[in-house]
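Here is the structure we will look at.
Protein chains: 4
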Amino acid sequence: MASTWSNNISFSVFGESHGPAIGVVMDNVPPGESIDMDKLLQFMARRAPKKDATSTQRREKDLPQIMSGFLNGKTTGTPLCAFIQNTDQHSQDYMKSKLDTLVRPGHADYTGALRYRGFNDVRGGGHFSGRLTAPLCFAGAVCGQILEKRGIYVGAHIAEIHKIKDDSFDSVVTSREDIMRIREKAFPVINDEKGKRMKRDIEKARMSMDSVGGVVECIAVNVPAGIGSPIFDGLENSIAQLIFGIPAVKGLEFGAGFNASKMLGSENNDEFYVDDKGHVVTRSNFAGGILGGISTGMPITLRVAFKPTPSIAQPQQTIDMKNRTNETIEIKGRHDPCVVPRAVPCVEAAVNIALLNHMLQYPNF
Amino acid sequence: MASTWSNNISFSVFGESHGPAIGVVMDNVPPGESIDMDKLLQFMARRAPKKDATSTQRREKDLPQIMSGFLNGKTTGTPLCAFIQNTDQHSQDYMKSKLDTLVRPGHADYTGALRYRGFNDVRGGGHFSGRLTAPLCFAGAVCGQILEKRGIYVGAHIAEIHKIKDDSFDSVVTSREDIMRIREKAFPVINDEKGKRMKRDIEKARMSMDSVGGVVECIAVNVPAGIGSPIFDGLENSIAQLIFGIPAVKGLEFGAGFNASKMLGSENNDEFYVDDKGHVVTRSNFAGGILGGISTGMPITLRVAFKPTPSIAQPQQTIDMKNRTNETIEIKGRHDPCVVPRAVPCVEAAVNIALLNHMLQYPNF
Amino acid sequence: MASTWSNNISFSVFGESHGPAIGVVMDNVPPGESIDMDKLLQFMARRAPKKDATSTQRREKDLPQIMSGFLNGKTTGTPLCAFIQNTDQHSQDYMKSKLDTLVRPGHADYTGALRYRGFNDVRGGGHFSGRLTAPLCFAGAVCGQILEKRGIYVGAHIAEIHKIKDDSFDSVVTSREDIMRIREKAFPVINDEKGKRMKRDIEKARMSMDSVGGVVECIAVNVPAGIGSPIFDGLENSIAQLIFGIPAVKGLEFGAGFNASKMLGSENNDEFYVDDKGHVVTRSNFAGGILGGISTGMPITLRVAFKPTPSIAQPQQTIDMKNRTNETIEIKGRHDPCVVPRAVPCVEAAVNIALLNHMLQYPNF
Amino acid sequence: MASTWSNNISFSVFGESHGPAIGVVMDNVPPGESIDMDKLLQFMARRAPKKDATSTQRREKDLPQIMSGFLNGKTTGTPLCAFIQNTDQHSQDYMKSKLDTLVRPGHADYTGALRYRGFNDVRGGGHFSGRLTAPLCFAGAVCGQILEKRGIYVGAHIAEIHKIKDDSFDSVVTSREDIMRIREKAFPVINDEKGKRMKRDIEKARMSMDSVGGVVECIAVNVPAGIGSPIFDGLENSIAQLIFGIPAVKGLEFGAGFNASKMLGSENNDEFYVDDKGHVVTRSNFAGGILGGISTGMPITLRVAFKPTPSIAQPQQTIDMKNRTNETIEIKGRHDPCVVPRAVPCVEAAVNIALLNHMLQYPNF
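The structure is reproduced here in structure tokens:
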């Protein structure tokens, strides 16, 4: 199912960028879980366009209205539906440009038109728009609050922007506090000096009518050992399926990831030991907290590669789909010169959903 | 479902390394498709242990017996079940060592025991064994033959072993012939000189009782444009869910992948044009043939990172699960010093399955 | 997934009787299908409370607002979400009664409270309310219009009310016109004389503060032969799974159904023959148009048993869930003395969805 | 998926009547559950052909071999695969008759050929054969043993054969012992006098080269209240989806079922009360232990209608599929004149699977 993910939890994302509303229906959320709406809105605000130069200047309020499955501040256990009205679209302008027939390079305009035989709503990217990550963030924020009550915290930061690297999470000793510290930042990096360089780079891309890509690193702490399943339903499979649902993602790695391919077994193996408190832990964590699809009890770590925003103001060669002619496109309007800052909570959201999903299968949840 | 993948096609992998048999049931394979058993066995033989120094010396015959869904050389459309008997296991030896209580670093021994509360079969890795990729390859070989009749070819090669890099597929002009040439090689690389260096490196790891990791690059050519779906059911999501079902995979990237995160939008965007024959194509293919989860018609390219084989002969620190004590483990027996050569057809198999799965949704299949 | 049905089409029903809204998200509806909104509202109006004595007098407008997946009168292929605001609920009154702790006999008040550990919304039956059939009817109406463009018509009528029987559809020769004739009736029966008796019986039940049950018979004509699958994914399985999603359904039979159990094989077997036009048909249709889960090309017939409305005004014995005491309950408010007339389009809706779902798997759809 | 059922448990049935083997793969069975193989074989023996006149005289040994997921008498939690070799088929004889082109009335020969475009194995009914209920019974027997350890017992009996009715289970007070008593009978009825009449009737049908249908009644006792879900994933939906996977089933009703449609609400509502032990129970059980898809804690009761065996020795009119001509068919070989006695454990199996499936979702399982 295209926009429905179904496992222990299922959720179904709907809507188009310039339609009346976007939203999500979550099925099989456990009943009786308190959801703090202020915290939820804070989570979603992290995805919203920033008020500074690093982001689009389109105003999106993205206020979710809960339509079902929620009563007296708690989940009811029945489907939880949230709705976000679209208020700020300028479809008229959009249709006046030739964006309905000129396909934008790097976008799904061409592939979407083929897939839906020309019937899909192309305004603002339609169902392919990055706006569809708002319902993902809603769902992820709900799951995150349920996990946090069990002590499980998921955090992410901008790990790279266009070759400029932030410091990394310590994959062995990162704490809840480390996560919370970054979550409060407007520009979520570990090392703010690096962050400044990144922001300058993003601003430079904007000034040259260009865009830049980057990497988000994510960590989940206090996930109990033994969560997940082998083969096709492991933590990596579920996280991957959800992460590749975020637009512009082109790569995903767990633990040492692609670097593991350059290592010797004697370097990469994380040796187990029983620590002072009698816990089974490992000294290194190149596995990223997952072996055989199942959590080891060490932090779960992953890195997600984002391509540069495809919407750039420079003239580009492309085709007119209707006439099948070669044309030049100039994309108007304000677009994020880099999606990575706003993608940070999206990555957290995907990981929250995958983790809660697997946690539900455990008797002592 | 742990070992069942269910989408347009479903398939269910079963078995343990030292049990009576392993196998797979495939449901919803289209009827009337000829399967050439010789070609299928050739595909599976590429996954079998090599007779040279790069691989384990355990003899595995891996002859699949088809139990259902196949008649007169053609699929019937009803569930296709294949069976591979386990014949060469030495469980007695295995149990005499302490491998049932000493957990091997980098393996799922520890996580599997927690997940299954100690009831899973640990002999030879049990259900977590790399042997379970044999039924995956069976399923992938069947799907591959069905795709090839539609002109779609999937090929892969060893792209890296422990920092030694092979040449890459040309992501714009790779042909069926390029794919077939590599498929026939015992050590599947593009550049045989690089291959020799890789083999020496693997042999060196073996001699030092160590192991090495690597990267497999995969390409699919002639996939029609418009295959796949947005959000959670795109080509990337399906391929990812299957690829992370192969043991030792720690990373996955499509097209430019992690490199895309280092690029400018003006570099990374693939400009469309209508070529001489009236086809819509792109000059570059940093997207790896996928935009918005849907095929562009250009080759689909991906790279998969494998960690070094965790079973190494060197003594390693670990724990005894029963007594929760710190111990030293020495893993006996012959293990591949590098899984990557045998993983090449496994990656192809996963991509074959994902592609056929999405092709089935199209009216003109 | 509780309220999500997922096969070739998936759809997810959400909402509570007294919440802000109810609705449905449909995923994988084919693109480019015209939906006539007037016809859709007519379909839904058949489920709405009647203005006469056979039905509740609560006003429900049930105007669906389409939020996504629909543009210029046609489906886009992306998720189709419809929304129905709840406007007429009197929750204050509801909570003042003791209906939150006294469980209504024959309702899901008790079982729902256990299932959701007391956190579900009980007002008006919450997610268990018959109101949730409105989104089912929306989805069914959409699917029905898509089927009708392929010549497939699904119709239903009140076959029995409290032992009073209507005539039956002719399972061999029923036509599109026969179906349309009944669809236009305010009280959908074949034989209006029988209908009058039924209405009197319903009115009598209301006057005695009681309720009555009944049977809906449904037929689908022009379904091509060969649609469906064996074992768990046949037409009967899918229809059954959806039909038992309608509140108050307690039985379902196809073709001769329970009567087939009283027959000899020589009576029950439908003999095939090739008719004048070269079509393969059967003289009788005790199979109800389905053999081995797959359509025969003859009309598909089924009968659905509904229990009497559990909400009756008479005092009944029950328990107080909070105090676990034996109590007497008197259910206030206006309830349908018989759900069967309003259930007729619900049964059609379920059959429409199941049929379109299976039709999608066919290349020549 | 045609022959795969996927919910909390998934299982995939494979094989053809005259192929090498039939079998089943069960995924997500909980680990550490003891399975008594003798009891399992006893369960399956109840489905095997009887040695008396009521059943076919084909010898089927149906000895399941467990290939995976089972170690030291306990489930491992990984996929449980069982295999049943086909040994007694006479395919040569079969193909010599014209059964490959003459379609048998009442069978899936015609519909299967269309569905699989003529590529399915038609020998002995192929994948549509009643033999495929052997793997269903295997799966059901496994689930039943797991349920019985939690005190939940499922039993069934022949409720009707061709209008001759057995007594019914008491839907309020049936005990484990009542169930076990019937389970031991060669001809499972409550009232053996009625059983004798049924047997005579079956024998009479055989002598007249005819067949008879019947009804199986099933009961599940000690199912805790609160199991199941609303709308599409209730107990009724799941049971229905599985029950309609048994060949020859044409109807299904829960509790009072079709009789409920003839009742007043005041008759049909089961009043709740708190009994001496403080348990919430109902005096009657017309609901069949299910309200809103969720168990009430009272016995779950259902009745399943089976059509008469379509394979009868009398000459019947039919068509030749290849030549599309009208022909007469005479079905040779020995067929059950009534499938109902052998269907009794199949119904239990389906209910066992559905119940265990829903039980798994509960924390205190």
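The listed protein sequences derive, respectively, from chains H, X, P and S.
With the first letter of the first sequence counted as 1, position 133 gets the number 133 in the working numbering; the numbers rise by one all the way through.
For any residue, its number in the working numbering is found by taking its place in the second sequence, counting from 1, and adding 1000.
For any residue, its number in the working numbering is found by taking its place in the third sequence, counting from 1, and adding 2000.
For any residue, its number in the working numbering is found by taking its place in the fourth sequence, counting from 1, and adding 3000.
Where is the CB? At the ideal position from N, CA and C, for every residue including glycine.
For this session: Enumerate in chain order the residues of its own chain whose CB-to-CB distance from S3168/S is below 8 Å, with the five nearest sequence positions on each side excluded.
Result: A3159, I3190 and E3217
For this session: Could you have a look at E1160/X and say whether DSSP puts it in helix, strand or coil?
Result: strand
Exercise. Does any C-beta atom of chain P lie closer than 8 Å to the C-beta of D100/H?
Worked result: no
Problem set entry | Distance, A2354/P Cα to R303/H Cα | 42 Å
Exercise. How close, in whole Å, do the beta carbons of G2255/P and A2287/P come, if the pair is a contact with beta carbons under 8 Å?
Worked result: 5 Å
For this session: Please state if the CB of S3284/S and the CB of D3270/S are separated by a distance shorter than 8 Å.
Result: yes
For this session: Tell me whether Q3042/S sits in a helix, a strand or coil according to DSSP, three-state version.
Result: helix
Exercise. Which stretch, first to last residue, makes up the beta strand (DSSP E) that contains P64/H?
Worked result: P64 to S68
For this session: Please report the Cβ distance between V344/H and A305/H, rounded to the nearest whole angstrom; I am assuming they are in contact, meaning their Cβ atoms lie under 8 Å.
Result: Not confirmed; about 14 Å, so no contact.
Exercise. Quick one: what does DSSP say G214/H is sitting in, helix, strand or coil?
Worked result: strand
Exercise. Grouping DSSP H, G and I as helix and E and B as strand, with all else coil, what is F2072/P?
Worked result: Before going on, a small fix: residue 2072/P reads as Asn here, not Phe. N2072/P falls in the coil class under three-state DSSP.
Exercise. For T2101/P, which residues of its own chain have a beta-carbon under 7 Å away from its beta-carbon, when the five flanking residues on both sides are left out?
Worked result: D2320, M2321 and K2322
Exercise. DSSP three-state call for D1036/X: helix, strand or coil?
Worked result: coil
For this session: Going by DSSP, name the residue or residues bridged to C2081/P.
Result: V2025/P and S2068/P
For this session: Give a yes or no on whether the minimum CB-CB distance between D233/H and chain X is below 8 Å.
Result: yes
For this session: Put K1096/X into one of helix, strand or coil per three-state DSSP.
Result: The pLDDT assigned to K1096/X is 48, lower than 50, so where the model puts this residue is not dependable; a value taken from the coordinates is nonetheless given after this. Helix, per DSSP.
Exercise. In whole angstroms, what separates the C-alpha of L360/H from that of P3337/S?
Worked result: 48 Å
Exercise. Do we get a CB-CB distance below 8 Å when we pair G1118/X with the residues of chain H?
Worked result: no
Exercise. Taking DSSP as the reference, what is the three-state secondary structure of E1327/X?
Worked result: strand
Problem set entry | Distance between E1348/X and H1162/X (C-alpha atoms, nearest Å) | 21 Å
For this session: Quick one: grab the DSSP three-state call for I3152/S.
Result: coil
Exercise. Taking the alpha carbon of G73/H as the point to measure from, which residue in M2067/P, N2120/P and V2029/P has its own alpha carbon closest?
Worked result: N2120/P
Problem set entry | Three-state secondary structure (DSSP) of Q57/H | Low local confidence applies: a pLDDT of 49 at Q57/H is under 50, so the model's placement there is unreliable, and no value is given.
Exercise. When the Cα atoms are used, what is the spatial distance from I3227/S to G3019/S?
Worked result: 39 Å
Exercise. What did DSSP end up calling A3349/S once you bin it into helix, strand or coil?
Worked result: helix
Exercise. In the DSSP assignment, what residue or residues form a beta bridge with D2320/P?
Worked result: L2102/P and T2325/P
Problem set entry | Contact check, V3280/S vs G3297/S, beta carbons under 8 Å | yes
Exercise. Quick one: is S6/H buried, meaning 16 or more other Cβ sit within 10 Å of its Cβ, or exposed?
Worked result: buried
Exercise. What does a CB cutoff of less than 6 Å around N2024/P pick up in its chain, not counting 5 residues either side in sequence?
Worked result: First, the amino acid is wrong: residue 2024/P is Val here, not Asn. Only F2011, V2013, A2082, P2135, F2138 and A2139 meet the Cβ criterion.
Problem set entry | Status (buried if at least 16 other CB within 10 Å, exposed otherwise) for R3200/S | exposed
Problem set entry | Stretch pair the stretch 2143-2158 of chain P + the stretch 2122-2129 of chain P: three plus CB contacts closer than 8 Å | no
For this session: Have a look at V3212/S, G3234/S, L3235/S and R3334/S and flag the residue whose alpha-carbon is nearest the alpha-carbon of S2259/P.
Result: Reading the sequence as shown, one finds Asn at residue 2259/P and not Ser. Per the Cα distances, V3212/S.
Exercise. Name the chain P residues whose beta carbon is nearer than 8 Å to that of K3163/S?
Worked result: K2262
For this session: Please list the residues of the stretch 3300-3316 of chain S that have a C-beta atom closer than 7 Å to any C-beta atom in chain P, keeping them in chain order.
Result: A3305, F3306, K3307, P3308, T3309, P3310, I3312, Q3314 and Q3316
For this session: Please confirm whether T3078/S and H1127/X have their CB atoms less than 8 Å apart.
Result: yes
Exercise. In chain order, which alpha helix (DSSP H) runs of at least 4 residues are fully inside the stretch 1231-1266 of chain X?
Worked result: 1235-1243
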